[in-house]
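*Asks:*
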Amino acid sequence: MSGRFGKFGGQYVPETVMNALIELEEEFNKAVNDPNFMEEYRYYLREYCGRPTSLYYAENLTKKLNGAKIYLKREDLNHTGAHKINNVMGQILLAKRMGKKRVVAETGAGQHGVATATGAAMFGMECEVFMGEEDIRRQSLNVFKMKILGAKVTAVTSGTATLKDAVNEALRHWVANIGDTFYVMGSVVGPHPYPIMVRDFQRVIGDEAKEQVLKKEGRLPDCVIACVGGGSNSMGIFYPFINDETVELIGVEAAGLGVDTDMHAASMAKGSVGVIHGMMTYVLQDDEGQVMPVYSISAGLDYPGVGPEHSYLKDTGRAKYVPATDAEALDAFKELCGTEGIIPALESSHAIAYAIKLAPGLDKDKIIIVNLSGRGDKDINTIADIMGVGI
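Under the UniProt record's numbering, the first residue of the sequence shown is numbered 1, with each subsequent residue one higher.
(1) Identify every run of the beta strand (DSSP E) within the region 145-187, keeping only runs that are complete inside it and at least 3 residues long; order them along the chain.
(2) For residue 369 and residue 16, what's the separation of their Cα atoms in angstroms?
(3) Excluding the five sequence neighbours on either side, which residues of its own chain have a C-beta within less than 8 Å of the C-beta of residue 104, listed in chain order?
(4) Using three-state DSSP, classify residue 352 as helix, strand or coil.
(5) Can you list, in chain order, the residues of its chain whose CB lies under 6 Å from that of residue 349, leaving out five sequence neighbours each side?
(6) Relative to the alpha-carbon of residue 114, which residue among 133, 97 and 140 has its alpha-carbon at the smallest distance?
(7) Since residue 228 and residue 310 are thought to touch, with beta carbons under 8 Å apart, how far apart are those beta carbons, to the nearest angstrom?
(8) For residue 145, is the classification buried or exposed, using 16 other Cβ atoms within 10 angstroms of its Cβ as the cut-off for buried?
(9) Indicate, with yes or no, if the ligand COA has a heavy atom lying under 8 Å from the CB of residue 144.
(10) Could you spell out where the beta strand (DSSP E) holding residue 12 opens and where it closes?
(11) Can you look up residue 5 in the DSSP assignment and give me helix, strand or coil?
(12) Look at the alpha carbon of residue 34 and the alpha carbon of residue 23, and state the distance between them as a whole number of angstroms.
(13) Check whether the Cβ atoms of residue 372 and residue 137 sit closer than 9 Å, and answer yes or no.
(14) Would you call the region 342-361 in contact with the region 36-55, where contact means no fewer than 3 C-beta pairs closer than 8 Å?
(15) Is the distance from the Cβ of residue 3 to the Cβ of residue 312 below 9 Å?
(16) Using CA coordinates, which residue listed in 187, 54 and 71 is at the minimum distance from residue 60?
(17) With DSSP collapsed to three states, give me the class of residue 78.
(18) Leaving out the 5 sequence neighbours to the left and right, which residues in its chain are closer than 7 Å to residue 119 when beta-carbon positions are compared?
(19) Could you give the DSSP three-state label for residue 372: helix, strand or coil?
(20) Relative to the C-alpha of residue 186, which residue among 40, 109, 381 and 8 is closest?
(21) Please return the same chain residues whose Cβ sits closer than 6 Å to the Cβ of residue 95, not counting the five positions on each side in sequence.
(22) Please work out which residues of its chain come closer than 6 Å, Cβ to Cβ, to residue 152, disregarding the five sequence neighbours upstream and downstream, and give them in chain order.
(23) Specify, as a first and last residue, the run of the beta strand (DSSP E) that residue 283 falls within.
(24) Determine the DSSP secondary structure at residue 138, reduced to helix, strand or coil.
(25) Quick test of the definition: if touching needs 3 or more C-beta pairs under 8 Å, does the region 277-285 touch the region 78-86?
(26) For residue 53, does the count of other Cβ atoms within 10 angstroms reach 16, so buried, or fall short, so exposed?
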C-alpha cells in the first residue's frame, strides 16, 4: 500500500472494506496503464464533457485591480457546470470496467451528485446519491437535476445534515452493498486509493492550464489559486505545477463568519492531525477527537477535513492555505459578475476573493491563474435570499 503523503493518507477502515479497496487499487492501476482505457477516458472528456476548457484572460478585472494579470481556468464551462465531471467520468468508466451495476455518491453542493447521475444515466447504471438535508434545502436546483437524470437522492439527517454526514452514509451504504456497487468519491479524500485516483482524474485541469499559459504568455504563472474544501479542484490544478518551484500554490478555504468564531470550515487554519473518513489529515476536532460541526455559505466547502495530499503540501511548505470569509466570497461573486459577466459558484468565489486581495500588490508583469471550479446558477437561491430578493 503506497497511499501515504508523509504521515497523511492511509486506510483507516474496518477489515470488511479492505478487500474492496485492494481490488479497487489493483483495477485502477491496471486501467491507467491501459492505453485503451485512457483513450476512452480522454474521448469522453473531449467529446462529452467539452474539454479542453479555456484559460480566459480576465482583462476587465485585471484593469480594475491595476496589478497582476488574472487568468481564469474555466471549469464552469464543463458539461454539468463544474470540474466534478472530470473525475466522475474516470470513476464511472472504472466501475463499468469492473462490472459494477450500481454507483453511489455523496454530494454537498450537488455538483458531484449531478455529475454522477449524468454519468450513470449515460452508461445505464443505477445511481443513488446521499445528500445532507440542509444541503438539499440549499441546493434544490441540483436535487431536481439529479432526479430528472434518474438518480435516487437520499436525505441524510444525522449530524449537521451536510457533506460530512453524507460521506458517512455513502460509505456505510457502499460497505453493505459492496458486491455490485461502486462508490464514486467526489473529492481527494477517503481511504487510499481514492485521494490518488481522484487527483489523477482531475489533473487534466492543471495539465491544460500549464500548456495554455505557456502558449499565451510564453512562461509559467507566478501563482495558482483555487478554493479548498475536500480539495479536488485545487489538487487537480496544483498537481502538474508541484515540481515548478517558481509557481506559488495557494489554497483558499472557507472562513465562514471568521476563523476566530465557531462558524467556519477552515481545517487548515484551525484543525489538527486526526482521522476522518478513512484517512489521516488535518481535521476540525475537539480535545477528545470528535469531529466538530462546520459552517460555510458554500455547501461544497462545508467539510471538516481536507484531502491528505493538501495536508502534506501544507506541512512541507510547497503550498500555502489562506481563509476567505462568507462576506469576502460574496463581494468577489458580485465583482466577477459585474466586471466579466461570469457568475461563479460560491466555492470558486473564495478563490477569486483572495486573487482580488493579492493582485493589486503585484507588478503588472506577474501572472495569476484562478481555477473557476464551477458556475453559480446552483447558488442563485442562496444569493437571492441574502440580497432579500424573491425569485
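Quick reminder that beta carbons are idealized off the backbone N, C-alpha and C, glycines included.
Computed from a predicted model, the values in this text were never measured in an experiment.
*Replies:* Taking the coordinates as given:
(1) 152-156 and 181-183
(2) When rounded, the separation of the alpha-carbon atoms in residue 369 and residue 16 is 43 Å.
(3) 127, 128, 129, 130, 170, 173, 174, 177, 181, 182, 183 and 184
(4) helix
(5) 329, 332 and 333
(6) 140
(7) The Cβ separation is near 6 Å, so the contact holds.
(8) So residue 145 counts as buried.
(9) For the structure depicted, the ligand COA is absent and the ligand set is empty, with no information on it obtainable.
(10) Counting along the chain, residue 12 falls outside any beta strand (DSSP E), and DSSP gives it neither H nor E.
(11) strand
(12) 16 Å
(13) no
(14) No, because fewer than three Cβ pairs between the region 342-361 and the region 36-55 fall closer than 8 Å, the two stretches do not touch.
(15) no
(16) Nearest to residue 60 by C-alpha distance, out of 187, 54 and 71, is 71.
(17) coil
(18) Only 88, 89 and 92 meet the Cβ criterion.
(19) strand
(20) 109
(21) 103 and 182
(22) 128
(23) 279-283
(24) helix
(25) no
(26) Buried.
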